[in-house]
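Before any comments, here is the structure.
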Amino acid sequence: MTARAAEVLALLEKTQDTAPDGEALLAELPLFAVRRGAAHAPTEDAPSPLEDALAAIRPDELTPKAALEVLYRLKELAGKGDS
Numbered sequence: 254m255t256a257r258a259a260e261v262l263a264l265l266e267k268t269q270d271t272a273p274d275g276e277a278l279l280a281e282l283p284l285f286a287v288r289r290g291a292a293h294a295p296t297e298d299a300p301s302p303l304e305d306a307l308a309a310i311r312p313d314e315l316t317p318k319a320a321l322e323v324l325y326r327l328k329e330l331a332g333k334g335d336s
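Each position in the sequence shown, counted from 1, maps to that position plus 253 in the numbering used here.
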């Protein structure tokens, strides 16, 4: 997320003197938007496996061990698992 924030900040700084309406520019640059051209951009119709897994989690029902297992599974789904 910090990379996206840096990208938005750079765009805002670059257009600071030329943009007539900063509010309009901010509306076009939402902080949590997927970068343009991202190959893995999810569609509204089909949630990703990671989103499905997150939606299925009931944190208040997890034991500490189960919570740790859920974290490892989410890391795998995100492609950040340890190999």
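Built from N, CA and C at the ideal position, the CB exists for glycine as well. Small disclaimer: the values here were computed from a predicted structure and weren't measured.
Measuring alpha carbon to alpha carbon, tell me which residue in the options is nearest residue i.
i	options	result
Leu-327	Lys-318, Pro-312, Leu-307	Leu-307
When the Cα atoms are used, what is the spatial distance from residue i to residue j?
i	j	result
Ala-309	Thr-255	27 Å
Arg-311	Pro-300	18 Å
Ala-330	Leu-303	The displayed chain sequence assigns Leu, not Ala, to residue 330. Spanning the two alpha carbons is a distance of roughly 6 Å.
Glu-322	Glu-314	13 Å
Pro-317	Asp-305	21 Å
List the endpoints of the continuous alpha helix (DSSP H) containing residue i.
i	result
Arg-326	317-330
Glu-304	302-309
Is residue i buried or exposed, if buried means 16 or more other CB atoms sit within 10 Å of its CB?
i	result
Lys-333	exposed
Hey, does residue i have any beta-carbon neighbour from chain C nearer than 8 Å?
i	result
Gly-332	Although the question refers to chain C, the structure presented lacks it and comprises just one protein chain.
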